[in-house]
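Here's the structure, in structure tokens; my notes come after.
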Amino acid sequence: MDIVVLISGRGSNLEAIAKAYKTGKIQGKIKLVISNKKDARGLEIAREYGIPAEFHNPSKFDSRLEYDRHLINRIKKENPQLVVLAGYMRILSDEFIDAFEGKLINIHPSLTPAFTGLKAQKQAIEYGAKFSGCTVHFVSKELDTGPVIVQAVVPITPEDTEETLSEKILKFEHRIYPQAIKWISEGRVKIEGRKVIVKDAKYGTIPVNPALEDF
Ligand code: GAR
Numbered sequence: 000m001d002i003v004v005l006i007s008g009r010g011s012n013l014e015a016i017a018k019a020y021k022t023g024k025i026q027g028k029i030k031l032v033i034s035n036k037k038d039a040r041g042l043e044i045a046r047e048y049g050i051p052a053e054f055h056n057p058s059k060f061d062s063r064l065e066y067d068r069h070l071i072n073r074i075k076k077e078n079p080q081l082v083v084l085a086g087y088m089r090i091l092s093d094e095f096i097d098a099f100e101g102k103l104i105n106i107h108p109s110l111t112p113a114f115t116g117l118k119a120q121k122q123a124i125e126y127g128a129k130f131s132g133c134t135v136h137f138v139s140k141e142l143d144t145g146p147v148i149v150q151a152v153v154p155i156t157p158e159d160t161e162e163t164l165s166e167k168i169l170k171f172e173h174r175i176y177p178q179a180i181k182w183i184s185e186g187r188v189k190i191e192g193r194k195v196i197v198k199d200a201k202y203g204t205i206p207v208n209p210a211l212e213d214f
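Count the sequence shown with numbering that gives the first Met the number 0 and you get residues 0 to 214, in order.
Written out as structure tokens, the structure is:
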């Protein structure tokens, strides 16, 4: 399955996905990486993996909608079966979400619908939550709360800081994101309203539900 990945920064999830493609765990290729930030480290990671990587400058456009329309055109030229948001820190216009409906996924560092938006790990710590985690979901028009494909749970201890919690969550992000892409590439993922079912997956497991198979 061919994908396009959108990033804004570090690109560690992009790297986990790129490794999964490179080692043949996922069939197909990452056709293009797009960043809305010029200095995103993820652009270098993409190039290290031989993936075309482009910075598209939002300040060259008059509005969010104009920029998103430009991105829609650029992405469609690659004809991807899936568009993957990997730390893409820009709110998407409804037109962008409609353009890739059912073919657009995101990872968020909390158990959605808790702690959506920015600094989800800090929000969880400050709230005093005893568990947080990460979620891969289809993107819908409500921020960070589209239909959930897979979640991983991480316990929070009194010693945890935003940094230590982020690190623990990130380890799971790097496993559940390639796994979710692989499930979609195998044609096993069906969306029924708000519910997503992965065919033949093992449900009811902790810390990852449904259970990881390949990562
Ligand atoms: C990840 O923790 C991802 O879950 C989060 O940004 C980080 C990107 O890291 N995304 C969001 O908060 C989206 N609302 P990365 O660039 O190293 O993959």
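Ideal Cβ placement from N, Cα and C applies to all residues, glycine included.
(request) Return the CA-CA distance between M0 and G49, expressed in angstroms with no decimal places. (result) As a working mapping, residue 0 is identified with position 1 in the sequence shown. As a working mapping, residue 49 is identified with position 50 in the sequence shown. So the alpha carbons of these two residues sit roughly 17 Å apart.
(request) Could you pull the start and end residues of the alpha helix (DSSP H) that F137 belongs to? (result) Here residue 137 refers to the residue found at position 138 when the sequence shown is read from its first residue. Per DSSP, F137 belongs to no alpha helix (DSSP H); it is in the beta strand (DSSP E), F130 to F137.
(message) Three or more C-beta pairs under 8 Å: does that hold for the segment 30-41 against the segment 189-199?
(response) Because the criterion of three Cβ pairs below 8 Å is not met, the segment 30-41 and the segment 189-199 do not touch.
(message) Measuring alpha carbon to alpha carbon, tell me which residue in V3, E158, N56 and I175 is nearest I74.
(response) As a first step, residue 74 must be located in the sequence shown, where it is residue number 75. Selected option, being the one with the closest Cα: V3.
(request) Output yes or no for whether 7 Å exceeds the beta carbon distance between I124 and E161. (result) Position 125 of the sequence shown, counted from the first residue, corresponds to residue 124. Position 162 of the sequence shown, counted from the first residue, corresponds to residue 161. For the 7 Å CB-CB criterion, I124 and E161 form a contact.
(request) Could you give the DSSP three-state label for F60: helix, strand or coil? (result) Translated into the one-based positions of the sequence shown, residue 60 becomes position 61. F60 falls in the coil class under three-state DSSP.
(request) Could you name the residues of the same chain whose beta carbon sits closer than 7 Å to that of E14, not counting the 5 residues immediately before and after it, in chain order? (result) Counting from 1 along the sequence shown, the entry for residue 14 is found at position 15. Taken in chain order, the residues that qualify are I44.
(message) Could you check whether the Cβ of I124 sits closer than 6 Å to any heavy atom belonging to the ligand GAR?
(response) Reading the sequence shown from its first residue, position 125 is the one you call residue 124. Not one heavy atom of the ligand GAR sits closer than 6 Å to the Cβ of I124.
(message) Measuring only the C-alpha atoms, how far is P157 from T163?
(response) As a first step, residue 157 is located in the sequence shown; it is residue number 158 there, counting from the start. As a first step, residue 163 is located in the sequence shown; it is residue number 164 there, counting from the start. Roughly 11 Å between the two C-alpha positions.
(message) Using the Cβ count rule (16 or more neighbours within 10 Å means buried), how would you classify L84?
(response) Sequence index remark: in the sequence shown, residue 84 carries index 85 (1-based). It is buried - the Cβ of L84 has at least 16 other Cβ atoms within 10 Å.
(request) Kindly provide the ranges of any beta strand (DSSP E) runs that are 3 or more residues long and lie completely inside the segment 96-179, ordered along the chain. (result) Taking only runs of at least 3 residues, the beta strand (DSSP E) segments lying wholly in the segment 96-179 are 103-107, 130-137 and 147-154.
(message) Can you give me the C-alpha to C-alpha distance between R68 and I33, rounded to a whole angstrom?
(response) Within the sequence shown, residue 68 is the residue found at index 69, counting from 1. Within the sequence shown, residue 33 is the residue found at index 34, counting from 1. Whole-angstrom Cα-Cα distance: 14 Å.
(request) Could you tell me if Q178 is buried or exposed, where buried requires 16 or more neighbouring beta carbons within 10 angstroms of its beta carbon? (result) Taking the first residue of the sequence shown as position 1, residue 178 is located at position 179. Looking at its Cβ environment, which holds 16 or more other Cβ atoms inside 10 Å, Q178 is buried.
(request) Put N78 into one of helix, strand or coil per three-state DSSP. (result) Numbered from its first residue, the sequence shown carries residue 78 at position 79. Reduced to three states, the DSSP call for N78 is coil.
(request) Taking all protein chains shown into account, decide if G132 is buried (16 or more other Cβ within 10 angstroms of its Cβ) or exposed. (result) Within the sequence shown, residue 132 is the residue found at index 133, counting from 1. When all chains shown are included, G132 counts as buried.
(message) Please report the distance separating the alpha-carbon of L211 from that of K36.
(response) Position 212 of the sequence shown holds residue 211. Position 37 of the sequence shown holds residue 36. CA-to-CA, the gap between L211 and K36 works out to about 32 Å.
(request) Give a single yes or no on whether P240 has its beta carbon closer than 6 Å to a heavy atom of the ligand GAR. (result) With the chain represented from 0 up to 214, any question about residue 240 goes unanswered, as that position is not in the structure.
(request) Could you tell me whether any non-hydrogen atom of the ligand GAR is closer than 6 Å to the CB of R9? (result) Walking along the sequence shown from the start, residue 9 turns up at place 10. At least one heavy atom of the ligand GAR is nearer than 6 Å to the Cβ of R9, so yes.
(message) In the DSSP assignment, the alpha helix (DSSP H) including N15 goes from what residue to what residue?
(response) For the purposes of this step, residue 15 is taken as residue 16 along the sequence shown, with counting starting at 1. The question names Asn, yet the displayed sequence has Ala at residue 15. Membership of A15 in the alpha helix (DSSP H) is indicated by the continuous run S11 to K21.
(message) Can you look up I205 in the DSSP assignment and give me helix, strand or coil?
(response) Position 206 of the sequence shown, counted from the first residue, corresponds to residue 205. Three-state result, I205: coil.
(request) Return the residue from the list E185, W182, F214 and Q150 that minimises the CA-CA distance to I205. (result) The count along the sequence shown starts at 1 and reaches residue 205 at position 206. The shortest C-alpha separation from I205 is found at Q150.
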